[in-house]
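Participant:
2 protein chains.
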Amino acid sequence: MKNKGKIYVIGIGPGDREQMSLMSLKAIKESEVIVGYKTYINIIEDLIKEKEIINSGMKKEVERCEITIDEAEKGKIVSIVSSGDPGVYGMAGAVLELVNKRNSDVEVEIVPGITAANAAAASLGAPLMHDYAVISLSDLLTDWEVIKKRIDCAAAGDFIITLYNPKSKGRITQIEDAREIIMKYRKPSTTVGIVRNAKREGEQVKITNLERMLEHNIDMFTIVIIGNSNTYESNNMMITPRGYFK
Amino acid sequence: MKNKGKIYVIGIGPGDREQMSLMSLKAIKESEVIVGYKTYINIIEDLIKEKEIINSGMKKEVERCEITIDEAEKGKIVSIVSSGDPGVYGMAGAVLELVNKRNSDVEVEIVPGITAANAAAASLGAPLMHDYAVISLSDLLTDWEVIKKRIDCAAAGDFIITLYNPKSKGRITQIEDAREIIMKYRKPSTTVGIVRNAKREGEQVKITNLERMLEHNIDMFTIVIIGNSNTYESNNMMITPRGYFK
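Residue numbers (the UniProt record's numbering), protein chains in the order written: chain A, 1 to 246; chain B, 1 to 246.
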């Protein structure tokens, strides 16, 4: 009988070995094939010396999933590795959708990781201590009108707002529009945290406000956290009070 | 010269050793004093044999922070340990607020962990693949009117909605009200995931819909994830498509 293959969809967290979970390390050790970007594979290099590596640097998401499922269908244990949490704008959805589409009987296990919102928050202090919204400004797969409406609703609800993919070479104006929408509901002095390379090499942390946020470097390695109406800065930390010290 | 103390505010993730990050283990090993609940301390028992343990089971959040800072101010390295991510309805905010209030010069490092939303999502499949809101239904420290407005805004924005603290012995009707608000915007057939003890011993995973969700067991160990208008169930997995297979 042919072995049924297995896929681990692994989030390694921010991209620093120390932030990986024991489970993600265990799953990688157990795997015969590793699919992933070179950058992420580098931090686990010592664990994967004897394994088959498929460096998917230049491949699109769907192609990466196809390769992963192909390998698993041969009866192998395959890890598809990416940063953050695979369930947040990551590979979990595409793998499961494609497994369903192909009527594949391979087993899939999603191995959660620390997502960028939580990593950035930890470096800023405690900005996410109250209800928060997570929004990606990438309009590659989502209509910009839908995203704009979400920003509006999140701002109206006084959510702390975490922005993923705030800006890239081809996506410049979205962060400006987002800021403008939020300004309808919140003061220009609202605390804003900007973290580049959160909890990995080259980390840069900046606390500013809604008025001045665009003066700072924001790119595709950056997470932007916009405080709610109670968030404040103190001693270089961004804190959203939860009400313990009213 | 007196050593300046240090506080690690540590999230151990869902509560299973395997989901802890290497950094959280390292910080615990480095610490001289561990402050935390018995339940969480049990999973790291072998790491803390020679350490001073302050089991804070019966103490309130603020008291736990006071003890932690007191110990650190003696020049010790102290870990305050809790489940999930300390920055999401956890201890990070209270510790930082109190350090500021006391004008303490102890160093504080927030060690992020996998928060319950991401753990529950991994067990359900891939429900959080699109923009999502995280809302706590606990009205102990937040006016219920504020929470209701947030639920309304999140529902209006077609966010996937993750509910923390959905129900407890003294908090029964909030989940019913939340469901009713969401029903104004979403079909009764909207996919809903209910995960009890996500990614730890005794895990129970249930996929249902908005209409029938209240028929299932929901308590304080449960995370409820309400899908957006595109979320679906397939082969016992909850998936929010991101648009790869349009």
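The beta carbon of each residue, even a glycine, is placed where N, CA and C say it ideally should be.
Return the Cβ separation of Ser79(B) and Ala154(B) in integer angstroms, given the expectation that the two are a contact with Cβ distance under 8 Å.
Facilitator: In fact, because the Cβ distance is near 34 Å, the residues do not count as touching under 8 Å.
Participant: Compute the Euclidean distance between the alpha carbons of Ile10(A) and Met23(A), then round it to the nearest angstrom.
Facilitator: 9 Å
Participant: So, is the C-beta of Lys184(B) closer than 8 Å to a C-beta in chain A?
Facilitator: For Lys184(B), the answer is no, since every Cβ of chain A falls outside 8 Å of its Cβ.
Participant: So the candidates are Gly243(B), Asn197(B), Asp158(B), Ile34(B); which of them puts its Cα closest to the Cα of Val146(A)?
Facilitator: With distances taken between Cα atoms, Val146(A) lies closest to Asp158(B).
Participant: If you draw a straight line from the alpha carbon of Lys60(A) to that of Asn235(A), how long is it in whole angstroms?
Facilitator: Approximately 43 Å between the Cα atoms of the pair.
Participant: Relative to chain B, which residues along the segment 122-137 of chain A have a C-beta separation below 8 Å, given in chain order?
Facilitator: For the segment 122-137 of chain A, the set of residues with a beta-carbon nearer than 8 Å to any beta-carbon of chain B comprises Ala122, Ser123, Gly125, Ala126, Pro127, Leu128, Met129, His130, Asp131, Tyr132, Ala133, Val134, Ile135, Ser136, in chain order.
Participant: Residues of chain B with CB under 8 Å from Gln19(A), in chain order?
Facilitator: Per Cβ cutoff of 8 Å: Ser21, Leu22, Met23, Pro112.
Participant: Scan the segment 18-73 of chain A and note each continuous alpha helix (DSSP H) run of 4 residues or more that stays entirely inside, going in chain order.
Facilitator: The DSSP assignment places 22-30, 38-42, 61-73 as complete runs of the alpha helix (DSSP H) inside the segment 18-73 of chain A, in order along the chain (cut-off: 4 residues).
Participant: Indicate whether the contact test is met: 3 or more Cβ pairs, each with one atom in the segment 187-207 of chain B and one in the segment 113-127 of chain B, closer than 8 Å.
Facilitator: Touching, yes, given that three or more Cβ pairs across the two stretches are closer than 8 Å.
Participant: Just verifying my parser: in three-state terms, what is the DSSP assignment at Arg196(B)?
Facilitator: Of the three classes helix, strand and coil, the one that applies to Arg196(B) here is strand, per DSSP.
Participant: Along the segment 199-214 of chain B, what residues have a CB closer than 8 Å to any CB found in chain A?
Facilitator: Lys199
Participant: Give the interface partners of residue 247(B) over in chain A, defined as CB-CB distance under 8 Å, in chain order.
Facilitator: Because chain B is modelled from 1 through 246, residue 247(B) falls outside the range shown and cannot be assessed.
Participant: Of the choices Asp143(A), Lys169(A), Tyr132(A), Lys206(A), whose alpha-carbon is the least far from that of Leu163(A)?
Facilitator: Tyr132(A)
Participant: Look at the alpha carbon of Lys148(B) and the alpha carbon of Ala178(B), and state the distance between them as a whole number of angstroms.
Facilitator: 7 Å
Participant: Please classify Leu140(B): is it buried, with 16 or more other beta-carbons within 10 angstroms of its beta-carbon, or exposed?
Facilitator: exposed
Participant: Please go through the segment 144-212 of chain A and give each complete alpha helix (DSSP H) segment of 4 or more residues, from N-terminal end onward.
Facilitator: Fully enclosed alpha helix (DSSP H) runs of 4 or longer: 144-156, 173-183.
Participant: Taking the continuous beta strand (DSSP E) assigned at Glu109(A), which residues delimit it?
Facilitator: 107-111
Participant: Confirm, please, whether the CB-CB distance from Ile110(A) to Thr68(A) is below 8 Å.
Facilitator: no
Participant: List the residues of chain A that Lys149(B) touches, going by C-beta distances under 7 Å, in chain order.
Facilitator: Gly157
Participant: Rounding to the nearest angstrom, what Cα-Cα distance links Ile41(A) and Gly36(B) in this structure?
Facilitator: 35 Å
Participant: What does DSSP give as the partner residue(s) for Glu233(A) in the beta ladder?
Facilitator: When DSSP reads this structure, Glu233(A) sits in a beta bridge with Met238(A).
Participant: Taking C-beta pairs closer than 9 Å, name the residues in chain B that Ile239(A) reaches, listed in chain order.
Facilitator: Ala92, Gly93, Leu96, Glu97, Asn100
Participant: Arg64(A) to Ala116(A), Cα distance in whole Å?
Facilitator: 22 Å
Participant: Pairing CB atoms from the segment 74-92 of chain B with CB atoms from the segment 98-110 of chain A, are three or more of them under 8 Å?
Facilitator: no
Participant: Please tell me whether Thr191(B) has its Cβ less than 8 Å away from any Cβ of chain A.
Facilitator: no
Participant: Quick one: is Thr173(B) buried, meaning 16 or more other Cβ sit within 10 Å of its Cβ, or exposed?
Facilitator: exposed
Participant: In the DSSP output, what is Ala126(B) paired with across the bridge?
Facilitator: Ala126(B) is bridged by DSSP to Ile239(B).
Participant: With a 10 Å radius around its C-beta and 16 neighbouring C-beta atoms as the bar for buried, classify Ser83(A) as buried or exposed.
Facilitator: buried
Participant: For Leu214(A) versus Glu176(A), is the C-beta spacing smaller than 8 Å?
Facilitator: yes
Participant: Please classify Lys167(B) as buried or exposed, where buried requires at least 16 other C-beta atoms within 10 Å of its C-beta.
Facilitator: Under this definition Lys167(B) is a buried residue.
Participant: Counting only C-beta atoms, is Gly75(A) closer than 8 Å to chain B at any point?
Facilitator: no
Participant: Can you name the start and end residues of the beta strand (DSSP E) that Gly11(A) belongs to?
Facilitator: It spans 6-11 - the beta strand (DSSP E) in which Gly11(A) sits, taken as one unbroken run.
Participant: Would you verify that the beta carbon of Gly5(A) is, or is not, closer than 8 Å to some beta carbon of chain D?
Facilitator: Any reference to chain D falls outside this structure, whose protein chains are A and B.
Participant: With 16 as the cutoff for other CB atoms within 10 Å, does Glu30(B) come out buried or exposed?
Facilitator: exposed
Participant: Around the C-beta of Thr39(B), are 16 or more other C-beta atoms found within 10 angstroms, so that it is buried, or is it exposed?
Facilitator: exposed
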